[in-house]
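Just below is one structure, and these are the notes that go with it.
Numbering (my numbering), first residue to last: 2 to 173.
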């Protein structure tokens with residue numbers, strides 16, 4: 002059996018992780034912190050942000066600055082060789098009660114995407130001077146399945162896919 006990620010203990014997880022490649026590293030959210038696997042050394046370790054359940058990391062997005070991470074309460078930035086630091090966030094970022102809120106791994110230049118379901122809203126965020134700022138909010142009024150980048154940035158809802166910044170729509 003090939004067991005490359007043996008350092009990641011999936012048995013201790015209570016939800017599906019968010020994961021993405023950032024340079025030479027695979028970064029994975031975890032209830033134990035951020036798991037980082039080096040593709041160069043083939044070794045991994047956890048970066049913790051605290052010891053309580055409220056510090057479990059739930060979603061992430063890769064930007065040019067590093068990996069922005071959100072855990073429903075706090076924002077963090079992971080940078081290779083520097084570890085994790087806590088960020089501040091503008092009060093304009095809406096975390097709606099009784100909704101699932103998740104960063105999408107896809108980003109576009111310096112813009113990251115925060116999805117709220119079942120409300121079906123997409124918030125465009127940027128990181129400036131260690132502060133997460135909202136630059137736009139779009140109400141889709143439909144469950145958002147994912148945000149992907151394939152040339153354009155596509156928002157895939159339950160009923161259609163919409164390319165941000167164009168008039169292109171694909172109905173399901």
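For every residue, glycine included, the Cβ atom is placed at its ideal position computed from N, Cα and C. This one's a predicted model, so the numbers in the text were calculated from it and none came from an experiment.
Per DSSP, residue 102 is one residue of the beta strand (DSSP E) stretching across 101-109.
Put simply, the segment 94-105 touches the segment 114-127. At least three CB pairs are less than 8 Å apart. Each of 109, 60 and 68 was checked against the Cα of residue 80, and the nearest Cα belongs to 68. Residue 159 is not a Cβ neighbour of residue 108, given a cutoff of 9 Å.
Here residue 114 carries a strand assignment [DSSP, helix/strand/coil]. Relative to residue 37, the option among 83, 112 and 72 whose CA is nearest is 83. In the DSSP assignment, residue 157 falls within the beta strand (DSSP E) that extends over 153-158. With three or more CB-CB distances shorter than 8 Å, the segment 130-145 counts as touching the segment 85-93.
Distance check between residue 44 and each of 59, 9, 72 and 22 places 9 closest, using alpha-carbon atoms only. Distance check between residue 23 and each of 32, 14, 70 and 13 places 70 closest, using alpha-carbon atoms only. Beta-bridge partners assigned by DSSP to residue 135: 126.
Burial state of residue 59 is buried, judged by a 10 Å Cβ sphere holding 16 or more other Cβ atoms. About 19 Å separates the beta carbons of residue 139 and residue 128, which is beyond the 8 Å limit, so they are not a contact pair.
For residue 20, the uninterrupted beta strand (DSSP E) run begins and ends at 20-23, by DSSP. Here the alpha carbon of residue 64 sits roughly 26 Å from the alpha carbon of residue 161.
For residue 84, the enclosing beta strand (DSSP E) has its first and last residue at 84-90.
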